[in-house]
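Here is the structure we will look at, set down as structure tokens.
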Amino acid sequence: MHPSARSPAATTSSPAMLLLLLCLGWVPPGWGWSRGSSRGAAGLPPNATTPISIMGLMPLSQSEEDQKSRIGRGVLPAVQLAMDQIRNESLLNPYFLDLRLYDTECDNAKGLKAFYDAIKYGPNHLMVFGGVCATVTSIIAESLKGWNLVQLSFAATTPELADKKKYPYFFRTVPSDNAVNPAILKLLKYYQWKRVGTLTQDVQRFSEVRNDLTGVLYGEDIEISDTESFSNDPCTSVKKLKGNDVRIILGQFDEEMAVKVFCCAYVEEMYGSKYQWIIPGWYENLWWESWINSSHCLSKNLLAAMEGYIGVDFEPLSSKMNKTISGRTPQQYEREYNAKRGDGQSSKFHGYAYDGIWVIAKTLQRAMKYLNATNKHQKIEDFNYTNHKLGKIFLDAMNETNFFGVTGQVVFRNGERMGTIKFTQFQERKEVKVGEYNAVADTLEIINNSIRFQGLEPPKDKTIIQEELRKISLPLYSILSALTILGMIMASAFLFFNIKNRNQKLIKMSSPYMNNLIILGGMLSYASIFLFGLDGSFVSEKTFETLCTVRTWILTVGYTTAFGAMFAKTWRVHAIFKNVKMKKKIIKDQKLMVIVGGMLLIDLCILICWQVVDPLRRTVEKYNMEPDPAGRDISIRPILEHCENTHMTIWLGIVYAYKGLLMLFGCFLAWETRNVSIPALNDSKYIGMSVYNVGIMCIIGAAVSFLTRDQPNVQFCIVALVIIFCSTITLCLVFVPKLITLRTNPDAATQNRRFQFTQNQKKEDSKTSTSVTSVNQASTSRLEGLQSENHRLRMKITELDKDLEEVTMQLQDTPEKTTYIKQNHYQDLNDILSIRNFTDSKDGEKAILKNHLDQNPPAQWGTSDPSRTSKDPIEDINSPEHIQRRLSLQLPILHHAYLPSIGGVDASCASPCVSPSTSPRHRHVPPSFRVMVSGL
């Protein structure tokens, strides 16, 4: 401090203590005293006689490598221009500005010494002009209040100096680094970027800007999704930004780190049309060339990553053509400045230094007016470092500054310059101005067609995920629908054929009502294809959820209806021809309808429970993102609609188990009735073929459909083709043979055929029985062709019965008539044996009788073989006694055995001697109970 009475205002902070030591005469070793050089005394106007001393603190060394010194030397021509213009205008008459320059050398200690020299050895300085280096400026600015000095800086941009509690007497004409944050906010809103990330170098200056930016963006509906910082290697941070899908990156780092950042961005492919980098714009021209060797990237790769970045910095000179406070436009001033400096150093802060001199002049002018209006006895030259009142007047006058300078509107808000921020973009190896932000008016102006984005549009602030429904192709749906319509037309043709020919023997014997159900089931299965092809591209979500249930019900009911009717027909054939103990059995179509209804009832129970307990819902399956085929800056996330529920596997297992049992039952019936040889009745061969084809196709279709669930076109195609194939092959196997037979030989399937049925048993050698069975009313018409033949055979049997009874009675009365019987009834016996109604168990008896007749040809009545009379009666097996004995035993057995097969006597009749006329089998058979002959 000054050794005089200026000490009361001293503080206890470290800068103040250092100043105190300097004031007491302590000088660090090697230091010399720097006297201030006066600028402004030459060329004074005649009436300007009193100098006003201004302390100028800035680095002024001649070192070419010292960037800060280049700033100080670069602004001196602008300072001189401003002072000359102020003198010429006699703005401070009778005073003139006397700027005393002190070299701080951007060193804290040397800067403090220069400040001490100015106070101790120089005149009373009314203000301090300067402050380039942040550390030196902050130390001096913190102690200004103790000296009642107002400082105005033209180059100190550090945000730390914005703290008015700590630096109440500090002003600056240059916007601070934080001043770019409102401009960045305006740019983000302009392009509707609401999601950003920050990448900051671990330096206090950049960290402060980042922290202020966080506060600016807070509450503005802009999300900082990721905040990364680095010390030396930014690649890890860049990779994290990419992993968090950050597209808009706000960077704060110097030129050296910028080269490394863009090198890492090139490696991570964080450049191009999908990304936008916003970084400081105060880098030197061609800044990357100085640091390219510090990275491992090639120059072309680095430039590729840098292409399109946006730099944000204060505007060195206003672009407006308005006249400034000096009466010159910014463009005129710039020409004068360039002429003044000649080949000397240039600095981008020269406009702010120029406006700074004008700010000081206008502040002193307002202070003079204030003193003249309030206290005419006090002058501004009466100021000293203890004069708090004049210091406060200077402070208030500077806060009222408002004029248009070469850098734009000069206005202070809490000591901070409300300036103009420019936006530049790196385009083809150079920076091009693309817009500017006016902090006073809070407006952003983008130069038309100046910003070049590498894509068709500005980058998105995040990966825009556009959900795209994987839908069924309309051409595919149309083709399969056309095939389905053809199948339904075919089914309708079969239905017409079945109804039209329902009174034909062939169709009537094949149960036309059951055939209609088979066709109905096939048409329901066909109809389900239309529903399986309807997805979210055709119907709403609610409708799709309803279709999930409807198509499941239709396909299930259609399947059961078709195959249930087919299996019911086969069961009737099985019931008629496998149960040998049945006497008469009527199985009407109504009973088959009940069977099919029972199968459908089971289906309905399963489906109703499914719907009530765990109904099918529309679920959406999302897949991995894919790039946009059109090249837009979006990602496509395919989604696929499914019909699912919580316990889908359990319900499908129940349905599959029931359908599987139904198929197995059908296979069993088809196998058991395979030997029934009336085509009109027996469809076992075609049922087996249908079951085989349907089973194989369903297994293959279900497997392929499951594997292609993420490909709706393939899945729908497989499902539709399986349904079409199964339904078509089933209907064709059932109806095409009937159609062909009816057109070629309609009687072949109903006449001249024998019903053969064989049942093998493991514990018996063989057992074959023949039965005459009455069929139901719906199928009795197939026996009309056999009625006349059956009646003729019954009449023949009646006559033979009478002859047999007469012969039997004669044998019992007169054994001598055996030869007569052999002679007169040989032909009758042959007639009996010619009737092919013997069972396999009677084949032996038939052979014995036939051999006996062959070995004994007919002889004349009353003749005898003399050779036999001499033999032993026991050995003569052809003797009349033997023949009489055998006939008395065999004929009643034969009579009892073959007559039931042809309707002669009841199979349960115990007496072979009952008259055929008394047997229920010989009674007149009404049309509804006609009989048929079954031969072996």
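In numbering that gives the first Met the number 0, the protein residues as written are 0 to 935. All C-beta atoms, glycine included, are put in the ideal place defined by N, C-alpha and C.
Helix, strand or coil for residue i, going by three-state DSSP, please let me know.
i, result
"F495", "helix"
"K523", "The question names Lys, but residue 523 in the sequence shown is Leu. Three-state result, L523: helix."
"Y101", "strand"
"G145", "helix"
"W192", "coil"
"D853", "Annotation note: pLDDT 46 at D853 (below 50); position unreliable, coordinate value reported separately. Looking at D853 - three-state DSSP - the assignment turns out to be helix."
"Q275", "strand"
"N284", "coil"
"L297", "coil"
"F403", "strand"
"G110", "helix"
"T136", "helix"
"R571", "helix"
"Y384", "coil"
"T868", "With a pLDDT of only 40 at T868, under the threshold of 50, the placement of this residue in the model should not be trusted, and no figure is reported."
"E333", "helix"
"G936", "The structure shown does not extend to residue 936, since the chain is modelled only from 0 through 935, so no value can be given for it."
"L661", "helix"
"S477", "helix"
"S152", "strand"
To the nearest angstrom, how far is it from the Cα of residue i to the Cα of residue j?
i, j, result
"M598", "T559", "7 Å"
"H349", "H295", "37 Å"
"Y101", "V202", "28 Å"
"N497", "K507", "9 Å"
"P279", "D534", "52 Å"
"L240", "C725", "56 Å"
"F705", "G557", "22 Å"
"N284", "M624", "41 Å"
"F422", "R451", "13 Å"
"S509", "Q465", "59 Å"
"S137", "A108", "13 Å"
"W650", "C608", "10 Å"
"P637", "S536", "14 Å"
"S345", "T462", "44 Å"
"M82", "L59", "19 Å"
"N775", "Y691", "Confidence at N775 is low in this model, with a pLDDT of 42, below 50, so its placement is unreliable and no value can be given for it."
"F261", "K299", "12 Å"
Have a look at the DSSP bridge pairing and note the partners of residue i.
i, result
"Q424", "I309 and V431"
"E227", "L198"
"R636", "E466"
"R616", "E643"
"M57", "D102"
"K621", "I638"
"S52", "D97"
"T442", "N437"
"Q408", "F403"
"I695", "Paired residue(s): none; I695 is not in a bridge."
"E415", "R412"
Between residue i and residue j, which are expected to be in contact by the criterion C-beta below 8 Å, what is the C-beta distance as a whole number of angstroms?
i, j, result
"M487", "I517", "That pair is no contact at about 14 Å."
"T548", "P614", "7 Å"
"Q453", "G196", "Between G196 and Q453 the Cβ distance is about 19 Å, and since that is not below 8 Å, they are no contact."
"I324", "G404", "6 Å"
"N177", "F382", "Not quite, the Cβ-Cβ distance comes to about 32 Å (not below 8 Å), so this is no contact."
"A360", "I85", "5 Å"
"I528", "Q424", "Wrong, their Cβ atoms sit about 58 Å apart, outside the cutoff."
Taking the alpha helix (DSSP H) that residue i falls in, what are its first and last residues?
i, result
"M508", "K504 to M508"
"F960", "No information on residue 960 is available, as it lies outside the stretch 0 to 935 that the chain covers here."
"V78", "Q66 to N87"
"Q714", "P711 to T743"
"L240", "C234 to G242"
In terms of residues, what are the limits of the beta strand (DSSP E) holding residue i?
i, result
"I586", "From DSSP, I586 is part of no beta strand (DSSP E); its letter is neither H nor E."
"F169", "F169 to R171"
"V131", "V131 -> no beta strand (DSSP E), and no H or E assigned at all."
"G350", "Segment H349 to T373 is the alpha helix (DSSP H) holding G350; no beta strand (DSSP E) there."
If you measure from the CB of residue i, is any heavy atom of the ligand FAD nearer than 6 Å?
i, result
"E643", "Absent from the structure shown: the ligand FAD. Ligands present: none."
Can you find a CB in chain C that lies within less than 7 Å of the CB of residue i?
i, result
"A81", "Included in the structure is just one protein chain, with no chain C present."
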